Amino acid sequence: MEPEEIQEIFQKIREKQPLIHMIPNAVSATLCADGLSALGARPLMAVAPQEMQEIVKQADGIVINLGQPTPEKREAARLVLETVVQEEKPVVLDPVGCGASVFRLKMVQELLEIPWKGIIKGNQSEVYSIQQNLLTQEGIDSREDRTLSAMTKEGRVLLVSGVADRILWKGGSKTLQKKEQRVYNIVGTGCLLGAITGACYSITKEPKQAAEAAALGMAYALEQADKAVGYGQAKVVLLDALTQLEEARFLNWMRGKEQ
Amino acid sequence: MEPEEIQEIFQKIREKQPLIHMIPNAVSATLCADGLSALGARPLMAVAPQEMQEIVKQADGIVINLGQPTPEKREAARLVLETVVQEEKPVVLDPVGCGASVFRLKMVQELLEIPWKGIIKGNQSEVYSIQQNLLTQEGIDSREDRTLSAMTKEGRVLLVSGVADRILWKGGSKTLQKKEQRVYNIVGTGCLLGAITGACYSITKEPKQAAEAAALGMAYALEQADKAVGYGQAKVVLLDALTQLEEARFLNWMRGKEQ
Amino acid sequence: MEPEEIQEIFQKIREKQPLIHMIPNAVSATLCADGLSALGARPLMAVAPQEMQEIVKQADGIVINLGQPTPEKREAARLVLETVVQEEKPVVLDPVGCGASVFRLKMVQELLEIPWKGIIKGNQSEVYSIQQNLLTQEGIDSREDRTLSAMTKEGRVLLVSGVADRILWKGGSKTLQKKEQRVYNIVGTGCLLGAITGACYSITKEPKQAAEAAALGMAYALEQADKAVGYGQAKVVLLDALTQLEEARFLNWMRGKEQ
Chain A
1 MEPEEIQEIF QKIREKQPLI HMIPNAVSAT LCADGLSALG ARPLMAVAPQ EMQEIVKQAD
61 GIVINLGQPT PEKREAARLV LETVVQEEKP VVLDPVGCGA SVFRLKMVQE LLEIPWKGII
121 KGNQSEVYSI QQNLLTQEGI DSREDRTLSA MTKEGRVLLV SGVADRILWK GGSKTLQKKE
181 QRVYNIVGTG CLLGAITGAC YSITKEPKQA AEAAALGMAY ALEQADKAVG YGQAKVVLLD
241 ALTQLEEARF LNWMRGKEQ
Chain B
260 MEPEEIQEIF QKIREKQPLI HMIPNAVSAT LCADGLSALG ARPLMAVAPQ EMQEIVKQAD
320 GIVINLGQPT PEKREAARLV LETVVQEEKP VVLDPVGCGA SVFRLKMVQE LLEIPWKGII
380 KGNQSEVYSI QQNLLTQEGI DSREDRTLSA MTKEGRVLLV SGVADRILWK GGSKTLQKKE
440 QRVYNIVGTG CLLGAITGAC YSITKEPKQA AEAAALGMAY ALEQADKAVG YGQAKVVLLD
500 ALTQLEEARF LNWMRGKEQ
Chain C
519 MEPEEIQEIF QKIREKQPLI HMIPNAVSAT LCADGLSALG ARPLMAVAPQ EMQEIVKQAD
579 GIVINLGQPT PEKREAARLV LETVVQEEKP VVLDPVGCGA SVFRLKMVQE LLEIPWKGII
639 KGNQSEVYSI QQNLLTQEGI DSREDRTLSA MTKEGRVLLV SGVADRILWK GGSKTLQKKE
699 QRVYNIVGTG CLLGAITGAC YSITKEPKQA AEAAALGMAY ALEQADKAVG YGQAKVVLLD
759 ALTQLEEARF LNWMRGKEQ
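Put into structure tokens, the structure is as follows:
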């Protein structure tokens, strides 16, 4: 994608203010809602199975974050995905730390059996767990490089975060620019990438484009955050940077990266 | 109310440090607790029905935020309101996004049938849903003007946030100053207005005064936040501004607005 | 402990990146996760009883925060402590507001009957409630001085926060430096002290040392935060300061305090 096309997605988010329904986790819920709102989207974070179908029907995009899984969350996620199949809504699934327990891995595999189309956003460790169906037990953040398989399922796109973000789909893949080592490991930025992917997807409807735009927008914001003098300031700068994705500086940053 | 009377309420919050029990939602819990503490109040955010009655009895004021509703939250809210009726404690009910699902709207209507006195804090869309008993399905934030009915119930006061905040009670209403269009749509500031209203109510015991003081304090803080360079900074400034509500600058701001 | 020994603990946290599993509460979950990450630790905040045993086994340290108690949290905490007994993992229990309700106090007493060894982190009011087995009903934050008993149980260390932090163990106690009155009462800093204690404990394995290091690191960060111009900035500075605990300024601060 050209930098202008990517920026256009963020401009349209601010213009159209899509309603993004996210099943969050309590650790990163505030950051994800703040990040969506900083972009101009409207977050709605319902959790009860009792209202999932109605909420999904009014949303422009949906993000399911499986952090802090519980039986109620499993049920809510299942209802969301079954409704998504009927309603054909853009959906992003984020299998947070799915290699950490049998409970998590089984939940993700069950949700992947529902025939929805959309984006799976995970780090290398999480995607490896899913593809190999095995526990890695290395916490939420991936610490080593994993070899991932090609996608086999039509209509599912993988956004894999890592030192270099990758996008995989049936029949192809794309590696995005390599990032420098991060100064700050801000909690919830993996979840926020999933949220932003959902906002982009609600605009472009094309999963590969949404994944690429979100990964670049997030990489820009994280790079700005790393210039801060401490963790607290870095988190503030991260949200400030998300306010700027339709401005010239993001475009210049993308061009500089590509030269 | 005179600016001095409004400021006196915030001065007394800092002096008396009221214990405010809030049933929060996970998205705005931190912001609401931070905002209450920035004012000098002491937040306590219990959620389990098992301890609701005891907690309500020791609180100086209570705020029920119905965002992220679940059956457990419905039960906890019911117990709070029934205890409030017996104990005559200041209570604020915030029917977050109640027009978004049958589950939410039914929960609010059931809670409104309990004969408690106090304040309902909602945006135009939420109050419209309650008064018309119909779903609006437009997300958490109200986007269009709605015509609201007068209040018919003695002892209940409505604080309706919007471009101009309004206070409605049986037999009357008051429109507060019109706000400019916000630069940042900071997530949870509607919930925070409810929390602050509870803190003011615990001091003044008079619901119309509490609603007016809270609406003005919040309008001041939001106006300061809008001067920031990005969403992250805006959220920081918002909390900084709440630290200042007993200072001369808030008094000057109120006087300037009224001239 | 010498300042150099305390700083070494924080240096090792950044070097070893211990995986800290914390059962959080929704109000302070983000602050605790951010604080742990600012120190260089890796937070994991699971909540479901279904995965507690597996998660505990992979963690380097565990923190149980009993704020916002529910029956599910009681069950998860019980499973954690029973697993800790078998696995001999460093564990910190934080009985948030345990004097506020029968439900809380009973939960804590039941958890204390499990024969785990480790640290109990509480304020004076909470520890008094536990030792006297009585309700104090004064909110989350302690407001008056309480006389505490000596510890009677081998292998349990008490870290009691107050105007002067104290560490109590069977046969002894140590009073840390007296703090000035705080300017800002930042919500969740009690929970954060528990989280940091868990991170220190995962490194040193010696509970008294962990308690002392955490109390000093937190006192430094809170003192920096108090220099800020408002509550919002104070919270940012608090997290910035936690990024600096392996730097010379923290060492200088400890030396200045001790001269």
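Protein chains in written order, with my numbering: chain A, 1 to 259; chain B, 260 to 518; chain C, 519 to 777. Idealized CB from N, CA, C, for every residue including glycine. Note that the structure is predicted; figures quoted are calculated from it, not measured.
Of all the options the options, which has the alpha carbon lying nearest to the alpha carbon of residue i?
i        : options                                : result
C:Ser546 : C:Lys726, C:Lys745, C:Glu765, C:Leu710 : C:Leu710
C:Ala497 : C:Lys696, C:Ile580, C:Thr601           : Look at the range of chain C in this structure, 519 to 777, and you will see that residue 497 of chain C is not part of it.
C:Pro813 : C:Thr665, C:Ala766, C:Gln650, C:Phe621 : This structure cannot settle anything about residue 813 of chain C, because the visible part of chain C is limited to 519 through 777.
C:Glu522 : C:Lys745, C:Tyr749, C:Lys753, C:Leu734 : C:Leu734
B:Lys348 : B:Val495, B:Pro277, B:Leu427, B:Lys271 : B:Pro277
B:Leu290 : B:Val446, B:Tyr490, B:Ile272           : B:Val446
C:Val565 : C:Gly553, C:Ser555, C:Pro542           : C:Pro542
A:Met45  : A:Ala76, A:Ala38, A:Lys16              : A:Ala76
A:Leu22  : A:Thr175, A:Ile64, A:Arg14, A:Lys16    : Sequence check: residue 22 of chain A is Met here, not Leu. For A:Met22, the nearest C-alpha among the options comes from A:Ile64.
C:Lys745 : C:Ser555, C:Glu698, C:Lys530           : C:Glu698
C:Val598 : C:Gln568, C:Gly585, C:Leu694           : C:Gln568
A:Gln53  : B:Thr502, B:Met477, B:Ser461, B:Gln396 : B:Gln396
B:Glu341 : B:Tyr490, B:Ser296, B:Cys357, B:Lys316 : B:Lys316
C:Val747 : B:Leu325, B:Gln503, B:Arg514, B:Leu371 : B:Gln503
C:Ser475 : C:Glu628, C:Glu520, C:Asp612           : Residue 475 of chain C is absent from the structure shown; chain C starts at 519 and stops at 777.
C:Arg596 : C:Glu631, C:Glu724, C:Trp687           : C:Glu631
B:Lys271 : B:Thr463, B:Met513, B:Leu364           : B:Thr463
A:Leu105 : A:Thr147, A:Leu168, A:Gln131, A:Leu159 : A:Gln131
A:Glu87  : A:Lys117, A:Leu111, A:Pro71, A:Gly67   : A:Lys117
B:Tyr490 : A:Lys16, A:Glu2, A:Ala33               : A:Ala33
Do residue i and residue j have their C-beta atoms within less than 7 Å of each other?
i        : j        : result
B:Ala480 : B:Ala500 : yes
C:Asn641 : C:Ser679 : yes
A:Lys208 : A:Val157 : yes
C:Gln751 : B:Val495 : yes
C:Val610 : C:Ile637 : yes
B:Ile314 : B:Cys459 : no
A:Ala59  : B:Ala285 : no
C:Thr693 : C:Arg684 : yes
C:Thr778 : C:Ala737 : Since the first residue of chain C shown is 519 and the last is 777, residue 778 of chain C is not available in this structure.
C:Arg532 : C:Gly558 : yes
A:Asn185 : C:Ser720 : no
C:Cys616 : C:Val626 : yes
Around the Cβ of residue i, are there at least 16 other Cβ atoms within 10 angstroms (buried) or fewer (exposed)?
i        : result
C:Pro778 : Nothing can be reported for residue 778 of chain C: it is not among the residues displayed for chain C, which extend from 519 to 777.
A:Leu239 : buried
A:Arg74  : buried
A:Ser129 : buried
C:Arg767 : exposed
B:Glu506 : exposed
A:Leu134 : exposed
B:Asn511 : exposed
C:Asp663 : exposed
C:Lys639 : buried
C:Gln525 : buried
B:Gln518 : Confidence is the limiting factor: at B:Gln518 the pLDDT is only 41, short of 50, which leaves the residue's position unreliable, though a coordinate-based value still follows. Looking at its Cβ environment, which holds fewer than 16 other Cβ atoms inside 10 Å, B:Gln518 is exposed.
C:Arg560 : buried
A:Ala100 : buried
A:Ala164 : exposed
A:Gln177 : exposed
A:Gly190 : buried
A:Gly155 : exposed
C:Gly774 : exposed
B:Gly431 : exposed
Is there at least one non-hydrogen atom of the ligand SAH closer than 6 Å to the beta-carbon of residue i?
i        : result
B:Asn324 : With respect to the ligand SAH, the structure shown offers nothing to examine, as it has no ligands at all.
Every unbroken beta strand (DSSP E) within the segment 119 to 201 of chain A, with a cutoff of 3 residues, ordered by chain | Taking only runs of at least 3 residues, the beta strand (DSSP E) segments lying wholly in the segment 119 to 201 of chain A are 156 to 161, 164 to 169, 172 to 178.
Residue ranges of each alpha helix (DSSP H) within the segment 269 to 322 of chain B, 4 or longer
DSSP runs (the alpha helix (DSSP H)) wholly in the segment 269 to 322 of chain B: 288 to 298, 311 to 317.
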